[in-house]
Structure formats: C-alpha cells, structure tokens
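Accompanying notes for the structure given below.
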Amino acid sequence: MASPSNEERFRALYERHHPAIIAYFVRRIGSQDAADAADDVFAVAWRRFEKIPEEDETLRWLYGVAHNVLANRRRGERRSNRLLARLGNQRQPDLLGPEPQVLRNLEGQHVVEVLGSMRPDDQELVLLSYWEGLSHSEIGQLLGCSKSAVDAR
21 MASPSNEERF RALYERHHPA IIAYFVRRIG SQDAADAADD VFAVAWRRFE
71 KIPEEDETLR WLYGVAHNVL ANRRRGERRS NRLLARLGNQ RQPDLLGPEP
121 QVLRNLEGQH VVEVLGSMRP DDQELVLLSY WEGLSHSEIG QLLGCSKSAV
171 DAR
C-alpha cells in the first residue's frame, strides 16, 4: 500500500493528466468507453507508481500505457468478434468510435474516413502527432521505433 505522500502525489498526477488521457481515448474509441479505458491506465500507474518518470516525462509515459491498454482492448474485441463469427453473429468491430459531433462536421467525416482507411499503427501515429501534439522523436520512443521510421510513415 502506498504511503500518504504517495497517495497525495498520485492524486495530483491523476488530476493533472486525467483530462489528456480521457481525450486520448475519446478520439480513438469514443466517449462511452473512454472513462473505463482511462481507469485502466491509472490503475497501471498506481501499481507502478514508483516507476513513473519525472514530471516532464509523465504524460508521455501515461500515453504509452494508454497505447498498451488500447491495444489490449482491440485484441480482446477481435477475439470476441471471432467467437461471435463462429457463433454466426457477424458483428463488425468499431475501432475508431468517433464522436457524433465530429460526424456532423463534413471535415470531421473526411478525417474519420481517411483514418479508417489507414492501418491501426499508422492511425496511432497520426493521432499521437496531430491530436496529442507529440514530436516524431517522442512518438518513436513511445512506439519503440526510430524518429526516422516515424518520419517515413
């Protein structure tokens, strides 16, 4: 169990970064599941609290956890879809889950269509760059590839 000082530090971390993590998930899976996914991120952060890097690296570390949470959720959804397909129920996966307000906007629709045509790894790269504001170097660190690889994609 964490000491009171760790609890206070975690509470401050949560309050500071929770909105960014929620926004990360809303843009990827929609608002219905964003809070649950963010809870998963902060549960990992609590368990690994002593390993969280210093403040200027904290949000990037949380984005890395969020990326892994999202990958786990997508794998789980694919497994569920395969099982449902075997049972005769052909449900299509909702990988992006865009918000209705974005769909009302023609430009937003075009962005969603373009993102939907991309591989999931490339979607993540674009979202990290344009919506999360990470540099190519930061994205490379997060995704485990070089800045040059990010530049090329």
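To convert, take the position in the sequence shown, counting from 1, and add 20; that gives this note's numbering.
Quick reminder that beta carbons are idealized off the backbone N, C-alpha and C, glycines included.
Predicted model only: the values in this text are computed from it and were never measured.
Given that a residue counts as buried once 16 or more other Cβ atoms are within 10 Å of its Cβ, and exposed if not, what is residue i?
i: R95; result: exposed
i: R47; result: buried
i: P113; result: Because the pLDDT at P113 is just 49, under 50, the model does not fix this residue reliably, and the point stays unresolved.
Could you work out which residue in the options is closest to residue i when comparing CA atoms only?
i: L163; options: N88, E152, A172, R98; result: N88
i: A172; options: Y150, I41, D142; result: D142
i: R29; options: F69, A91, S149; result: F69
i: R67; options: A54, E27, I41, E75; result: E27
i: D56; options: V170, R93, V146, S157; result: R93
i: Y83; options: E144, V170, A169, C165; result: E144
i: R80; options: F45, V170, L148; result: L148
Rounded to whole angstroms, what is the Cα-Cα separation between residue i and residue j?
i: E77; j: I159; result: 13 Å
i: A43; j: G153; result: 12 Å
i: I49; j: S25; result: 34 Å
i: L90; j: K167; result: 22 Å
i: A86; j: H38; result: 11 Å
i: A40; j: V134; result: 23 Å
i: W19; j: I72; result: Examination of residue 19 is not possible in this model, given that the chain is present from 21 through 173 alone.
i: E74; j: S155; result: 18 Å
i: R98; j: Q161; result: 27 Å
i: F45; j: A58; result: 7 Å
i: D51; j: C165; result: Correcting the residue identity first, residue 51 is Ser in this sequence and not Asp. Those two C-alpha atoms are separated by around 30 Å.
i: R139; j: D53; result: 21 Å
i: G136; j: V170; result: 19 Å
i: S157; j: V146; result: 13 Å
Does the ligand MG have even one heavy atom less than 6 Å from the beta-carbon of residue i?
i: E35; result: By its list of ligands, the structure shown contains no ligand whatsoever, and the ligand MG lies outside what it can speak to.
Count Cβ pairs between the stretch 28-46 and the stretch 58-67 that sit closer than 8 Å; are there 3 or more? yes
In chain order, which continuous runs of the alpha helix (DSSP H) of length 4 or greater are located wholly inside the stretch 31-67? 51-67
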